[in-house]
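In this note's numbering, the protein residues as written are 18 to 296. All residues carry an ideal CB built from backbone N, CA and C; glycine is no exception. Treat the numbers as computed from the prediction; the structure is a model and nothing was measured.
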């Protein structure tokens, strides 16, 4: 498969049957993401129709040409706790569609199945790990805004009205999912609570059609994101001195009467084993 023919890149990390990370990057600019890559899995997912090709173009520029020559795979003989890494590439549709309805005629990819305690290392696995983490890094801010929209009904300019957000069904599951997201995001930032960069210089549109500015409060020893009307955000906000806390003690207090989109079909529930293209 020639690199110029690639129109879709798919990433997946699974722990046994749990999807820890699932991402799609279309050449058209559409992106899909579920999860952070850690356990327990974060199920909140989003589909972005912003037509911004920067994510896809960045990833394509990092692919070694010879990686697409033939499918690559490795599965350890003894696996007690399975971790599966997959990166798949698709291209050349023969039915005039270029996204979910496309009938791709060319595909290839890389798949590793390892035990969670494996010490296996090689050049291809190192690339898979680094390439996947780059894709995560590129979409971290966008995925943060998906979480803010889904759990707080606060929409940033990175999202469009057509974007689709899917959350767990029950309030208990939603709360746990949000906490898992925060804990894993903090962990991935070496325990640093400050994720201010995700919303630096941005306002969020509330369900009342007013602009809000987010602030982080850790004064109670827990992590909270608070939204203030932008017209009042210039006022000096005083919080008590921050207390030290660990990620496992995080909790969230969402604004009341949150409205959440839950009627979208979840991308993470696709059961087709699309990596079997080379079997």
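Within 10 angstroms of its Cβ, does residue i collect 16 or more other Cβ (buried), or is it exposed?
i: residue 280; result: With a pLDDT of 27 at residue 280, under the threshold of 50, the predicted position of this residue should be treated as unreliable, though the coordinate-derived value follows. Burial call: exposed.
i: residue 117; result: exposed
i: residue 138; result: exposed
i: residue 226; result: exposed
i: residue 23; result: buried
i: residue 177; result: exposed
i: residue 5; result: No information on residue 5 is available, as it lies outside the stretch 18 to 296 that the chain covers here.
i: residue 180; result: buried
i: residue 242; result: buried
Candidates the options: which alpha carbon is nearest residue i's?
i: residue 217; options: 230, 224, 226, 225; result: 230
i: residue 153; options: 183, 173, 247, 53; result: 53
i: residue 90; options: 246, 130, 215; result: 130
i: residue 85; options: 177, 225, 141, 133; result: 141
i: residue 249; options: 95, 239, 232, 82; result: 232
i: residue 122; options: 133, 110, 128, 88; result: 110
i: residue 196; options: 150, 161, 174; result: 161
i: residue 34; options: 151, 145, 99; result: 99
When the Cα atoms are used, what is the spatial distance from residue i to residue j?
i: residue 155; j: residue 70; result: 12 Å
i: residue 40; j: residue 51; result: 6 Å
i: residue 59; j: residue 157; result: 13 Å
i: residue 82; j: residue 240; result: 44 Å
i: residue 63; j: residue 235; result: 27 Å
i: residue 74; j: residue 44; result: 8 Å
i: residue 201; j: residue 57; result: 9 Å
i: residue 297; j: residue 247; result: The requested residue 297 is not part of the displayed model; the chain covers only 18 to 296.
i: residue 102; j: residue 189; result: 30 Å
i: residue 223; j: residue 119; result: 35 Å
i: residue 219; j: residue 175; result: 9 Å
i: residue 29; j: residue 244; result: 33 Å
How close, in whole Å, do the beta carbons of residue i and residue j come, if the pair is a contact with beta carbons under 8 Å?
i: residue 77; j: residue 148; result: At roughly 11 Å, the Cβ-Cβ gap does not stay under 8 Å, so residue 77 and residue 148 are not in contact.
i: residue 88; j: residue 126; result: 6 Å
i: residue 133; j: residue 37; result: Between residue 37 and residue 133 the Cβ distance is about 11 Å, and since that is not below 8 Å, they are no contact.
i: residue 165; j: residue 221; result: 6 Å
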